[in-house]
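Using UniProt numbering, read the sequence shown as starting at 1 and increasing by one per residue.
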Amino acid sequence: MAITDNGVSLKHLVTMETLSNEEVLGLINRGLAFKNKQADFSLKRQYFAANLFFESSTRTHKSFEVAEKKLGLDVIDFDAKTSSVNKGETLYDTVLTMSALGVDICVIRHSDEDYYQDLVDSRTIQTAIVNGGDGSGQHPSQCLLDLMTIYEEFGHFENLKVVIAGDLTHSRVAKSNMQILKRLGAELYFAGPKEWYSSEFDVYGKYMELDAVIETADVMMLLRVQHERHDGKESFAKTAYHEAFGLTQERYKKLKESAIIMHPAPVNRDVEIADSLVEAPKSRIARQMQNGVFVRMAILEAILNGKA
Ligand code: CP
Numbered sequence: 001m002a003i004t005d006n007g008v009s010l011k012h013l014v015t016m017e018t019l020s021n022e023e024v025l026g027l028i029n030r031g032l033a034f035k036n037k038q039a040d041f042s043l044k045r046q047y048f049a050a051n052l053f054f055e056s057s058t059r060t061h062k063s064f065e066v067a068e069k070k071l072g073l074d075v076i077d078f079d080a081k082t083s084s085v086n087k088g089e090t091l092y093d094t095v096l097t098m099s100a101l102g103v104d105i106c107v108i109r110h111s112d113e114d115y116y117q118d119l120v121d122s123r124t125i126q127t128a129i130v131n132g133g134d135g136s137g138q139h140p141s142q143c144l145l146d147l148m149t150i151y152e153e154f155g156h157f158e159n160l161k162v163v164i165a166g167d168l169t170h171s172r173v174a175k176s177n178m179q180i181l182k183r184l185g186a187e188l189y190f191a192g193p194k195e196w197y198s199s200e201f202d203v204y205g206k207y208m209e210l211d212a213v214i215e216t217a218d219v220m221m222l223l224r225v226q227h228e229r230h231d232g233k234e235s236f237a238k239t240a241y242h243e244a245f246g247l248t249q250e251r252y253k254k255l256k257e258s259a260i261i262m263h264p265a266p267v268n269r270d271v272e273i274a275d276s277l278v279e280a281p282k283s284r285i286a287r288q289m290q291n292g293v294f295v296r297m298a299i300l301e302a303i304l305n306g307k308a
């Protein structure tokens, strides 16, 4: 059966907070339709997309590029290192330039939290902004691919026990996911170093020791230790972190038969997760990366709907 549209129309996608539950489910279902080759899609005119990455990325950058090309968009090359950013051009002026050139969508990753606010408030900039990660703020496309992976596995979110473990305070993935998972009816638990936990997360779930919650988890979501956001002050040696807070072989054996392991990647092997478990039967890490392409196609389609 060909499915013609996801029914979702977006001007920008900068945070998960502005998406309704219906829009989230619409994007997930459309991502699944693209994946299962059930989606009917054609461009009404020529569209240009530019991926402006000011922080390192493999997955987000390249899967947006694949998604754009699968949809037939023209992708504009941009490398911050060889652009006029080197001459002092601000982010606003880079995006203003893209807009003036007729670029329809800018996917942006930047180290500044909320970098997007003056771009979406601008009366001159016509380009749609898709947030590919803002500092420790939000990472909506990662969140949607995580939700798609959970939904594909279980068919629902209500009452699923989701454990988010690791570098919570620095993780834009954790912040995006905790808000929406709670709203969709999942039961949330947090684990990992206490110093990387904030009481702000109490409204979404409960802090527990990993060993006290692992046996009942449906989803074990591990987070990367964000060394680049620790200002050089490392609190844990690799082995000590792995033994205390990581998914070791011993902990893996305690997981329920139906449980799945997730990690946004890149993975610090033998830190958050044992090297040998990255591709274990319960791991959905490669599936998350695969789903990223399809849910990003759904996001881009929703932006194109917004432009139409
Ligand atoms: N998960 C994620 O955002 O990966 P990249 O940093 O490689 O894009």
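Beta carbons are placed, not taken as given, at the ideal position from N, Cα and C, and that holds for glycine.
Reduced DSSP category for residue i - H, G, I as helix; E, B as strand; rest coil
| i | result |
| --- | --- |
| glutamate 195 | helix |
| aspartate 74 | strand |
| tyrosine 207 | strand |
| tyrosine 115 | coil |
| histidine 110 | strand |
| threonine 127 | coil |
| leucine 188 | strand |
| alanine 259 | coil |
| alanine 80 | helix |
| arginine 45 | coil |
| alanine 265 | coil |
| aspartate 134 | strand |
| alanine 39 | strand |
With 16 other Cβ atoms within 10 Å as the buried cut-off, status of residue i
| i | result |
| --- | --- |
| asparagine 177 | buried |
| methionine 297 | buried |
| asparagine 159 | exposed |
| alanine 237 | exposed |
| valine 293 | buried |
| lysine 175 | buried |
| leucine 43 | exposed |
| histidine 139 | buried |
| threonine 15 | buried |
| glycine 26 | buried |
| arginine 109 | buried |
| asparagine 51 | buried |
| asparagine 29 | buried |
| glutamine 290 | exposed |
CA-to-CA distance, residue j to residue i, given in whole angstroms
| i | j | result |
| --- | --- | --- |
| glutamate 250 | tyrosine 197 | 24 Å |
| aspartate 146 | glutamine 288 | 6 Å |
| leucine 59 | phenylalanine 53 | The sequence shown places arginine at residue 59, not leucine. Each residue's alpha carbon lies about 12 Å from the other. |
| alanine 212 | serine 235 | 23 Å |
| glutamate 215 | isoleucine 285 | 20 Å |
| proline 193 | alanine 39 | 43 Å |
| valine 66 | aspartate 231 | 33 Å |
| serine 118 | glutamine 179 | Serine is not the amino acid found at residue 118; the sequence shown has aspartate there. Spanning the two alpha carbons is a distance of roughly 24 Å. |
| serine 9 | asparagine 305 | 5 Å |
| arginine 183 | asparagine 21 | 8 Å |
| serine 84 | threonine 90 | 9 Å |
| valine 278 | threonine 82 | 35 Å |
| threonine 124 | phenylalanine 41 | 30 Å |
Start and end residues, beta strand (DSSP E) containing residue i
| i | result |
| --- | --- |
| asparagine 159 | No beta strand (DSSP E) contains asparagine 159, which DSSP labels as neither H nor E. |
| alanine 50 | 48-53 |
Proximity of residue i and residue j at Cβ, strictly below 8 Å
| i | j | result |
| --- | --- | --- |
| alanine 128 | histidine 12 | yes |
| methionine 262 | valine 295 | no |
| methionine 148 | glycine 31 | yes |
| isoleucine 260 | lysine 282 | yes |
| tyrosine 47 | leucine 73 | yes |
| valine 173 | proline 266 | no |
| phenylalanine 201 | leucine 168 | yes |
| serine 111 | glycine 137 | no |
| tyrosine 241 | alanine 280 | no |
| alanine 217 | lysine 161 | yes |
First through last residue of the alpha helix (DSSP H) which encompasses residue i
| i | result |
| --- | --- |
| aspartate 93 | 91-101 |
| asparagine 291 | 285-307 |
| methionine 16 | Where methionine 16 is concerned, there is no enclosing alpha helix (DSSP H), given that its DSSP letter is neither H nor E. |
| alanine 174 | 172-183 |
| leucine 222 | Note, leucine 222: premise wrong, no alpha helix (DSSP H); beta strand (DSSP E) at 219-222. |
| isoleucine 28 | 21-35 |
| phenylalanine 245 | 238-245 |
| lysine 254 | 249-254 |
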